[in-house]
Each structure stands twice: as C-alpha cells, then as structure tokens.
Amino acid sequence: MSGKSFNAFEMAQAQFDHVADILDLDAATRALLRVPLREYQFSIPVRMDDGHVEVFRGFRVQHNDSRGPCKGGIRFHPQETINTVRALATWMTWKCAVVDIPLGGGKGGVICDPHNLSAREQEQICRGWVRQLARNVGPLADVPAPDVMTSGQHMLWMLDEFEAIHGKKYPGFITGKPLGLGGSLGRTEATGYGVIYTVREALKQLHIRPEDTTASVQGFGNVSQYAIELYTQMGGKVICVSSWDQTDQTSYSFKKVAGVNLKELLDITDRFGGINKAKARDLGYEVLPGDDWLVQEVDILIPAALENQITGENAGKISGKVKIIAEGANGPTTPEADEIIKAKNIFVIPDFLANAGGVTCSYFEQVQCNMNYFWEKDEVLGKLDVKMTSAFLAVSALAAKRKLYMRDAAYVIAIDRVARACRERGWV
Amino acid sequence: MTNDNDKKTSIDKLLEALQERAKELNCLYQVEEILNEPDESLDVICPKIVRAIPPGWQYPHVCQAKISLENKTYHTPNFMETPWVQSADIVVQDMVIGTISVYYTIEMPQADDGPFLKEESKLIKTIAERLGHFIMHQKMRLVVRDWESAQHSVTEHKRGEWQVVLEMLKQTDRNLYISISRKMLNHLCWSGVAEAEKILRALGMDQKVTEEELLDDWNRPHQRRGRSFSADISAAAFRIASDHLSDEEILRLIQKWVQEDKLSFLVQVVNRNLSLSEVADAIRRYHHLAPDEPEIPSPSKRGIRVSLIRRFLSDGLQYINVAKHFVDVRDFYHLLHNVIFSAESHGKLGGKSAGLYLAAQILKRKSEDDDLLGNVKIPKTWHISSDVLLHFMHYNDLDEVVEQKYKEINQVRLEYPHIVQTFKSARFPADIVKGLSVALDDFGDSPLIVRSSSLLEDRMGAAFSGKYKSLFLANQGSKQKRLDALMDAIAEVYASTFSPDPIEYRVERGLLDFGEEMGIMIQEVVGKRVGKYYLPAFAGVAFSNNEFRWSPRIKRDDGLVRMVPGLGTRAVDRLSDDYPVLVAPGQPGLRVNVSPDEIVRYSPKKIDAINLETNSFETIDLVEFLKEAGYEYPAAKEILSVFKDGNLSRPSGIGIDFDEDDFVVTFEGLISNTPFLKQMEAILKHLGETLGMPVDIEFAFDGTDFYLLQCRPQSYSDLSMPAPIPKDIPHDDIIFSANRYISNGKVPDITHIVYVDPAKYGDIADRQTMMAVGRAVGKLNKLLPKRQFILMGPGRWGSRGDIKLGVNVTYSDINNTAVLIEVAVKKGNYLPDLSFGTHFFQDLVEAHIRYLPLYPDDEHIIFNAKFLDRAPNILPDVLPENTDLDGIIKLIDVPKSTGGKVLKILMNADLDEAVGILSVPSAEETRPMPLKADRVEKQSENFWRWRLKMAERIASQLDPHRFGVAGFYVFGSTKNATAGPGSDIDILVHFRGDNRQLADLQTWLEGWSLCLDEMNYLRTGYRSTGLLDLHIITDQDIAKKTSYAVKIGAVTDPARSLPMLRDPRRG
C-alpha cells in the first residue's frame, strides 16, 4: 500500500495543475487552491441500540469559500477517507464556479455503513456530526446536502439539531429537504432541463434549428425523461432511447424513427426507468441491443445513464452525422474516447456544465430558505434557464476564443473565477 | 323398443337405489342428531328415534317402528304387530337389554331379506348399536353421579360410606364391581395379608410361583388353574380389607380403580388398533362421561394420550415426546369434530396437520405466561384422514394406481396427466361427501386452501414439503358448485401423490416402498374482501435461524421474516421478478435496504390474491390494485410508505391518497409502530424451545388478527443444508477456510476461480484500471460456465463511487457466479469492512447465490495463497483484450491446475465453519440429486452421459458426403460432463457444402433435435423447443477464428470432435 496506489485527491490536484498551467497561475494561488482551506476531523460517540457505545469518525472539508459559503454533500461510507473528501470538496468548488453561483466547495462524511445501523443510530450520528461542527457550518458559512447513502431524512435530523443548538430557525442551513420542509420545487426537473438548456444554446451557435434535429438518449431515468420532455417541446425528435432491463440484467435500445412518444413510454416504464420490452414492441418500437443508442444517425447524443459509456472501443462507431454530445451523466466519456470525439469534431457539452442544473437548484433552495419565501416551479425553472444559459455562453465563448476543448474550457473558466475571487479579496 | 324399455328400467332401478341410499343416510344422520343430546332421558330420546326410522325405509307410508327396552316400549302411532318385521338387538356391556324392530303394515314386494333391503338391515343394526352406546354412556354418568353424592356423604357419615359405594356398583355395573374386588384382593395379597393369599390360591390366581417352577419350565406357559370369581369372593375380599385397611384407605383405592376403569375402554380401543370411527366413538364417550373434570396425570392417561397422538397425529418419537405434554385426551374430542374419515379408516392427519396442531397447542398453553402469544389464531381447519386416499381409489376401482410408483419414471410422467383427469372425474364415497358437505356448511363461502398433509411430509419434514400440491379455492356460488370444486381440488391433490417429481425424489431417497398416504388439510384462507379480490393484509414465512445475514451485527438466532402484502405464496418461494421484505426480528433496526432508492427498488411490486369474481388465484400489479381499492385495504398504513421527492415517509394521520401518492411497500409502520416483530420473536422462541429445534412458520394477518398457518422444523432445502465438514482434509487440498458469518450450503463442482488479488487491486493507481477490472469480471461472468465459478475479491463487491474499496460491478456482472467471496486483508492495523453483499443482497438471496466473507489474517484460518499464486492464469487466453490485467485478475481453471479436481465449498452455519477444498468431481461420487433446483442446474452423470451418447449417435449416422460436413464437434455442458436435465446439446458443425446441402443438414438435425427433446422430456420433465443447439462454422470462420470457430482447439473448454459415418463402400 504505497503512494502509487489510486488517490482521488492526487488526481484532483493533477487536474488542477494542468489548468493552472493553462491559466499561468502564480505560485501562491496554486498553493492555496491545491489544498483545502479548512479541514475538520472529529469523533462522534453514539450509544447503540444494545447499549454499548461506538465512536464514529466524521469529516468536513471546506476547500474554498472565496466566492461564498461552502456547499457540498455528506457521505456515509464505510471506507471514507480524508483524501476522498478533499478531492470531492475541490470538485465542488469548481462546479459551483462554472455555473457562476456564489458558493464555494465543501464535502463531508462519516465512516459508517448504514446497512449495519438502525434508523435511530443513524439519527444519532447525524446529530452528533452537527454538534461537533455547529459553530463552523451554517447558512452563511457551509451548507451540507445529501450524498452517498444519506437522504432528505438525514438532512432533517441535522437541520433539527442545528436549529436546536442555535435556538432559531435556519432552513437555509442544509439543502435536499423534502417539499414543505424547506425543499424547492423544480428539483426533479432541474438536471434534465439544464442539459437541454445547454443543448439549445449549442444548437443556436451551430445555426441549427431544434425542429430539424434528432437525438438519441442513453438511459431512461429522471435526467433523461425530463431532458426528452423539454427537447421534444422545443421541436426536436428523439428517435432512440436505451433503458436497463432488470429481468434480463442487460439494457436495450428502443427505437422509433418517427420519434418516441414520452408519455406512452412512461406508461410502460417502471419507477427505475425500465421500459417494458414487450409492450414497447406492441407500440411499434424496435427493440435493439443496449449499445445501439450510440450508433444512431442523429444530431445529438445524450448519455444520461452511467459513467464510462463512450469508450475508446465504441467511440469510433458514432455516426458522422452527430454534432453534439451533451453529458447528462457524470463522466460518461473516457479520456481515450475524448480524443476520438475531438478528431470527429463533435461539440461536447461536458458533464460538469451540462448536468449543473442539480447544484444550481440546490442553490435556489438555499436562497429561498434564507428569505423564507418559496417560488413557484415556473420561477425556479426560469431562473435555472438564465443561469445555465449564461454559464454555457461563458464556457463556449472561452472555448472559441482560446481554441480550447469544451471540457478544458469549463475547468479553465471555473478555476479562473475562483482564483480571481481569492486575488480580489487580497488573499494572494 | 324392448331394448329401450330395458334400458329405461335399469336406469330407473339405479335411480331408485340411489334415492334409497340418500334416505338411509338421512335417517342415520337424524338419529345421530337425536343422540347428540347426552342429557336427555331415554323417555325423550326413544320416541324421537322411533319417529325418525320409517322415513329411512323403502316404503315409509306403511312402515312403523318399535323400541323395547327392558320393561318399556316405545313405538310409532297406531302401532300393530305384523309378520313383516326386521329387528336388531340393543346391547350394553355385552348384555342384550332391548330390541329395535321395523314392521311393514302390509305385505310388500320381496327384496333381500323379506321385503327389506340388505342396506336396511345394516341400518337398523347401526341404529341399535348407537342407541346401545348412548344408554351405556347414560348409565356410566349415573354411576358417577351417585358416586359423587356418596363422596359428599363421606364427610358426614364416618362409617360405611365405601360400603354404600360398593353396593351401588354391585347394582349398576357388575363387571366393574368384580374387577374392583379382584384388584382389592390382589392389593391385599401384595401387602402380605395371608387370608387374601389363601383366597387367591384357592382361585388359582396366585401370582406367586415358586422359584423352582420358574427355573424349571421357563419357556413353557404356566398352567392356568382355578375357578371363576363370584360375588361371594368379592364380599370376602372386602371383608378382609375392612379388617386390614382403614375406611379412608379402602375408599381411596376404590376411587382410584373406578377412575382407571373409566379410561380402560379408551385404552382398549386405542391399543387394539380399531378404526378411527371406533376411536372417535370412544373419545366422544369419554368426553361425555367427564366433560369438566380436570385431567389428572396418571400413567394410564399418559398412555392414552401417547396412543392417541400416535394414532391421529404422528408416530415420530420426537413429536410424541413433545406433544404428550401439550395435547390432552379432550383436545382430541374437539379435533375429531373437524376430521373427515371413512367408516373403516385407520389413517392419520399427516405431517402438515400434525405440525400445525401441535404448534397451536403449544402457543395456547404458553400464552398463559406470555401475553405476546395471546392473540395468535389458527384458521378454521378441517382434515381428511390419510387413508381416505386409498378408500377413494378403491371406491373408484383405481387400486392399481398405487403401483404407479414402481413404473419407469418416463412412464410415470407420461401417464400423470391421465391420472389427474381420472382422479378428477372419479367419485368420492358417500360418507366422505357427507363429511365435506358438513365442512362446507361450517366454512360458509370463505375462500379455502386445500393442502396436502402426507405421511412422508411428516416423516421427512420440510425436505419433502412442496412436493405435493396446494390449491386455492374461491369457494363461491351454490353449495353444490362449491362442493364440486372442493372435491375436484382434493382429487387433484390426491393425484399429485403419483406425480413424477415426488416419485423420482422417493426413488432417489429410497422411500419408494414407504406406504405413502395423503391427508388433506382444508383451511379457511385468512383474509378479507378488498374490491373483487380476497386476500390477507400481509402474510409470510418466519425462520428461527437467520441464514441470510446482511450485517455482521445480526446473529443467527435473530431469526428471519420474509413477508409480502396479500397471500403468502410470494414469500414462500424465491421470486425471480420481485422481492419480499426481509427483516430480522431480533434486530429490527438493521434493514437490508437503507437508502430510499434501495428500499423502493427491492420492495414487492406484485401481490397474490383470490379473484372472487372469476374464482381464480391471480398475481396482480400492486399499484394498479391499490389505486382501485386501496382505501379498503386493511392495515395499509402499517404496510405502505409514501415516496415523494426521493424521500420515504410513513403515511400521516389522514393516510394515503391512493389517487395521488406514490406508495411503496415497506412494512415500516408494522415494524416500528406495532409489537408485530416482538410477537414473531416470541412465537419463534417458544416453538423453537419447546420443539427443541429451529422452526419455520407460515403466517398471515387479515387486518384484525394474526394467524399461524403452518409450523414445521426449519430443515433446509437440498441447497441449503448445513454441509458436513470433514476433519481429515489434507492441508494441501484446502484453498481457504472461514469461521465467521457462515451460512449453510454446499457448492460442488466449481471449475473456475476468478480471483482479484486484494494487494494488487489496492496498488492500482488510476480509476480507469479499476473500472476495467470490473468490466473484465462482467465479461468473465458471461463466458464462464454458469454457477460453476466463484468470484473472490477484496473488500466490497459492487462498490460505486469509491471503487478502491472493492470491484465496481453491478448485479448483472456477477449474476452467474455460484459464490461471491469477499476477502478482508488487513492493511496495517486496519481491517476493511466487508459489504456482506449489501449492494445486491436481495438479488443474491432470490437467485440463491452464496455469499462468503474470508478473513485470511484470522488465527486458525487457512488461506492458500500459494495455490492462488502458482496456479496458471488463463485470463489472457479467455480475455485476450484484458491481458494487461493478468497481474490483478487471476482466472484459474481448477481441473487443469489440479489434475482433474474441482473446488468444492462446504458451509455449515451450525458450526460457523466453511471450507473450500479440492476434490473429485461429484459426478464420480454417488450422491442424491436435488429434485427441483430452480436456478441451480442439477448435475448428474446421467444427463451428460446420455447427451454425449446421443451426440455420438448422431455423428455416427451423419453422412459427411451427403451433407458436405468436414467435422462434427460437441462442446459446452455435454462435453464438460456438467449437463443438467434442462441443458441443450451444443453441436458445432464444420460445414463445406453448398446451400442445398446446408438446408438438408439443418432439416436432418432438426428431426434429431425434436426427437431428443421428446426423449429428454420423458426422462426429466424438462421441455424445450429442441435439444440441439446447432452452430455452423465454415473454413472462413476457422481461418479468422470468428464465432464458435475458436472452440476448435481452444485453450479452455475446446470442442470435442466426434467420428462421423464412414463411406460404407470403402468399409
């Protein structure tokens, strides 16, 4: 177990170094941004259901708050490490910066496996976590959110403890809360719609009318469904969508050249986005192998399922007609595939930007909570459109001007914004 | 014309005969009703019986009846004696005390016995017999009553009370009087009273035989000498007694002997192996004799109890041992109320009935001390005794079907559908029909389940369960319709005794010669009507031992509950497309699924129910059903949670809005807000402790009450028996051993090991490579022989996000493995947590994939790193594109690396030990074959041998010139000797001919394929669309190594060439 083993934080630093070179950042800025501003590591003693006490290890890393309060999830993970948390906090800083919302990056976690814990024990961990950090987090300092193995329920326990300690109501302390308890409308739609807002802008720049385009989508979960909804409203035609089949333990692509009908597909889809194969056939869909979504003759590809789906092996099969790849999922494209896509001269909207609708909506939740006034869904989605559009325009403008690959341009613009904030505050 | 007339008359005759039978039965039934009033005097009873008789005879309008009893007569109005008479004696304690007579007032046509039918003779005898019994009961009651009043007077008059008693006995029950006198004489004799000895000797009943005599002729019977016992001797005996014993002592002795005598008839009846109806009569008699008396333990009573248990419930010693403490004689009285049997029946209730009955008795008794058990109910149940099956067959002249089991299994299989049809169209004997009719009146129109309760189920426990049928009946419509449906179902359950699966199982277990009989349990289905469906709120199964622990914090004895909404059928079976909710009663807080996404994904989506409109058992979509009828659904708040915005919450006070809300079955309310799990824990604990073994119960909840439906020992299916672990395994043959968190099972015949080296995996520096490992495992999962390889890897299989902790795989990447092994290797001072398969735990459970954690750093543990290191790695041969991963993933072909051995994993939860050893393939051992190994293919020598032989036969018949064939190969399971009963035969044909030859070849082989499929069906019961899986390759394929061409001369698993037909002209 030596230094050469995989270390997420080192990877995040390497990525930063690469962009820092492009930006030609000075040594002090690099030193500041390469490591988190603050890290908390602490113990959470919990009396277990059977009476014995177990001590859990908790973390919170605040990578950078030059642009605003830190924002980032809390993970319950049995093998959580400080390096993982550092890396994720760093990425949160860049992610908030690329959509230009006034938040910094943070991440936290507890080493535990909820599968071995009762609900009461988990509640005690949540409350213990807040007790340890009550003075260092808060709506104006650091705003947690759900993440791996934590849910709205955990957020409510944490909020309750925080408010109990401070003796006041602070709904903006935490996001990811259920509707009616400080949650925001429009969260379900946010990521899928966000993807299409950026697609719409990209088409504009390519001088293509959405009505003249076709798309193929991987996955039929939440992101994909709302992306298809908005894209179809814009006049586009989705001709192929892939979905996971739980029974067959494989995925299939469902193709209809005349364009898929979202409503009829949703009627034959389970909660997890699994489309009923037989019923789809009855509705006139062609049922193809799972990978076929990628090889369709379309203008737009939207991978919205898993990571590492477009690889060096299959990227060559992408049709020459494809003009845009919008990454709805996290990390759907491998570095080898990126090279092929670059060569094919396809316009890529990187995950980082394309699926930032989610974090933007969390920001809106916090804003609404802080003023204790909640917007209607239209207002949330309208504001989301503005944010996503301007973020996209900034990145694409930079990419065009500096001849950067879109993925690099997104990082460059994000890190530049953070570096500038630090400089303007006089930190470096 | 004449013919027609004849025919008509014969039909008329038949009809008349049938009507007569009905009348007779009705008459008997009425008499029974009348005699069911034990408190009525004879003066009331006899006139009633006299009136009930004539309607049962052939010519009621000219029929009259008379009962003469000692000095009294009872008769029908306007009675007069005529010559056309038929009589039967009324006998009590072997003495004729009266007569019943039936007269016709005018002369009627000649029949069997004068004008009387032979059935009528039988009927009058039966009535006389029943009346005799009744009178005897009454007499006995009288004795007891007098006796009790005498007892009262004991305290008042100090002297002479036992004389009063004795005198009374002498008057009322001479036999008893004599018997007691004899006992007194014996007692005195044993106490050393010389006078008594003298009388006894005079009687020749002296038991004292001299020693010489004994030694002298010990194997010759002693001569019986002497004269009979008389009233004088009795008087003498008691005279002597009064000289030697106190009054109290004499009274006590008489009391004791009278008590014992009260039981003696029962002892005799039970021990003489009389028919069930005779035993039932005796029990009824006993009950009426002493209905309220608390049972005092005495040796003879215990004896009776044991005998009754043996007669009705089970002859298993272990069962009797427990049951004798929980079942009283009077319990049989109530039980027998609901038992249907033929007059001559000697059967038992069968395994399922016996198990449930005892469990119910235990819970009833234990509920006195434990409130949690207080409200456990048993659904209304009727039983049919096991040998009624034989009577049913005999009645329909189907006796020879019993021999079915000795036929060839393919014949059994072929004939089974006909047997089912024959049984279903057969008739039930009239007394059974009557019994079923009474039962149906009792059940009303509640839906019913007809379950098998066979003797082998009793003997073999759970291992034999599920082999026979259980059928649901909606039980709707007219009484006749319901009765027909019930008989139809019983006939079908009867027929399943002769279905090929249990017979095959019995052949394998050497149980063929066991006289299998099939009891039937007719149970009311627990539930309520919801919409057009009938179903319980929820139901399921619970086990004392948790063999599927998903967290190291769960102990084995924390138990396991599998439950589903609706009928429990979905919880009993492993499901392939749905998930029951699992919870450990001892650790209710530790759930299998934790995040909302997991909970939703692994929640039940379907529900089994009885459709009352179509009278059928259906599986319906839960959401659709609840949208329609959710507001009527009982206990919906306890079962469902509302899923909104990614969060799950228990329904609030208003409840669920079934039109708007998205709801999920979680049982959250039930688990956290009700004492349900505590109750379940108590039930499992009490039953387990009392029966002395872990139990497996079925339960259901109708929204109001909790019902126990079945209870049996938690033995194991063939697949999850605790495997015996040999102690003398050579050290070198052990690949690994384990002693923590072990479940049960035996996984033989593992041919490949996929080993992801924990140290090497931990050293991977980039995420891409880690992902590649996961994808390579996924590819191996598709390529390696299903359920014959194991996956061993570091930490947590299925890690997402931080995949350094374990290989990033989804369930589809591992779903063909036999065992999933997680290896926890210490890093510094730090021992990584294992996942226990949590990422896909329920998928593993339902697919029967074993999980095993290994801790190589533990003491006394073997982890054969040497073998894993040194065995050749064939990964580059199998996955050439992943050759770069061969430092991390090791793929071991076990037989190749060990000279033909395979890996066998033995897991024993009782010992908490598991071991993976190299051994000879099991096809070379003789071992019993599992019967229904759902997803795990059963392997037996026969299957592959036969397939290989057939493949050789095809090849030898195939003319290579005619069809343009250059080579004929077999590969896959047939070649590897791993074929199961449902396996196909993989054939590879190297083809060089033209299109026409190709078409001919395919047609020719198609014929073989269909033919073999039919043969295979007859042998195994597995059917497909053809047994041959044909792959055609050309020279081009071979050159390019495309398609199946790689199988020829492949490194692993090469295809085997078979010789084809040689040109006869060339000899």
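Protein chains in written order, with our numbering: chain Z, 42 to 469; chain P, 7 to 1073.
Where is the CB? At the ideal position from N, CA and C, for every residue including glycine.
These numbers come from a predicted model, not from an experiment.
Positions of the alpha helix (DSSP H) runs, each at least 4 residues long and wholly inside the stretch 840 to 894 of chain P, are given as 847 to 853, 871 to 876, 881 to 884 in order along the chain. In the three-state scheme derived from DSSP, where H, G and I count as helix and E and B as strand, Cys410 of chain Z is classed as helix. In chain order, Leu226, Gly227 place their CB closer than 6 angstroms to the CB of Lys418 of chain Z, counting only its own chain and leaving out the 5 sequence neighbours on each side. Along the stretch 69 to 103 of chain Z, going in chain order, the ones with a CB nearer than 7 angstroms to a CB of chain P are Asp90. Beta-bridge partners of Thr105 of chain P (DSSP): P:Ser74, P:Asp95.
The DSSP-derived three-state label of Val328 of chain Z is strand.
Boundaries of the beta strand (DSSP E) around Phe97 of chain Z: 94 to 105.
Per DSSP, the unbroken beta strand (DSSP E) holding Ser655 of chain P starts and ends at 653 to 655. For Leu335 of chain Z and Thr239 of chain Z, the gap between their C-alpha atoms comes out near 20 angstroms. Listed in chain order, the non-local C-beta contacts of Leu446 of chain P below 7 angstroms within the same chain comprise Lys485, Arg488, Leu489, Leu492, local neighbours out to five positions each way being set aside. Its chain contains Tyr238, Glu242 as the residues whose beta carbon lies nearer than 7 angstroms to that of Thr430 of chain Z, once the 5 sequence neighbours on both sides are disregarded; these appear in chain order. Looking at the DSSP output, Gln259 of chain Z bridges to Z:Ser283, Z:Pro344. Our two residues, Gln1008 of chain P and Asp992 of chain P, have alpha carbons roughly 14 angstroms apart in a direct line. Between the alpha carbons of Asp965 of chain P and Leu1067 of chain P lies a gap of roughly 5 angstroms. Here Cys1017 of chain P carries a helix assignment [DSSP, helix/strand/coil]. Neighbours of Arg312 of chain Z in chain P, taken as residues whose beta carbon is under 7 angstroms from its own, are Val606 in chain order. Non-local C-beta neighbours of Arg245 of chain P in its own chain, meaning closer than 6 angstroms and more than five positions away in sequence, are absent. The CB of Met777 of chain P comes closer than 9 angstroms to the CB of Glu348, Asn349, Thr375 in chain Z, given here in chain order.
At least one CB of chain P lies nearer than 8 angstroms to the CB of Leu220 of chain Z. Per DSSP, Ile509 of chain P lies in no beta strand (DSSP E) segment; the continuous alpha helix (DSSP H) that holds it begins and ends at 506 to 515. Annotation: Leu541 of chain P to Val532 of chain P spans about 7 angstroms, alpha carbon to alpha carbon. For Ile456 of chain Z, the uninterrupted alpha helix (DSSP H) run begins and ends at 447 to 465, by DSSP.
With distances taken between CA atoms, Ala58 of chain P lies nearest to P:Ala71 out of P:Asp377, P:Met399, P:Asp668, P:Ala71.
Cβ proximity to chain Z below 8 angstroms picks out Trp556, Ser557, Pro558, Arg559 from the stretch 544 to 561 of chain P. Of all alpha-carbon atoms in Z:Gly369, Z:Cys410, Z:Glu368, Z:Cys167, the one lying nearest the alpha-carbon of Val151 of chain Z is that of Z:Cys167.
Shortest Cα-Cα distance from His397 of chain P to any of P:Gly525, P:Met699, P:Gly905, P:Leu646 involves P:Gly525. DSSP places His352 of chain P in the coil class of the three-state scheme, outside both helix and strand.
Against chain P, the beta carbon of Gln194 of chain Z has neighbours under 9 angstroms at Pro602, Asn653, Leu654, Ser655, listed in chain order.
Looking at the DSSP output, Met114 of chain P sits in no beta bridge, so it has no partner there. Of all residues in the stretch 172 to 195 of chain Z, the ones placed with a Cβ closer than 7 angstroms to any Cβ belonging to chain P are Val189, Met190, Ser192, Gly193, Gln194, in chain order.
For the pair Ser284 of chain Z and Ile316 of chain Z, the CB atoms are nearer than the 8 angstroms cut-off. Taking every protein chain shown into account, the CB of Ile809 of chain P has 16 or more other CB atoms within 10 angstroms, so this residue is buried. One thing to note: Val328 of chain Z has its Cβ within 8 angstroms of the Cβ of Tyr293 of chain Z. Between Gly138 of chain P and Val97 of chain P the beta-carbon gap is near 5 angstroms, inside 8 angstroms, which marks them as a contact. Following the DSSP letters along the chain, one finds Asn124 of chain Z in no beta strand (DSSP E) but inside the alpha helix (DSSP H) bounded by residues 123 to 139.
Remark: C-beta atoms of Gly104 of chain P and Glu87 of chain P do not approach each other more closely than 8 angstroms.
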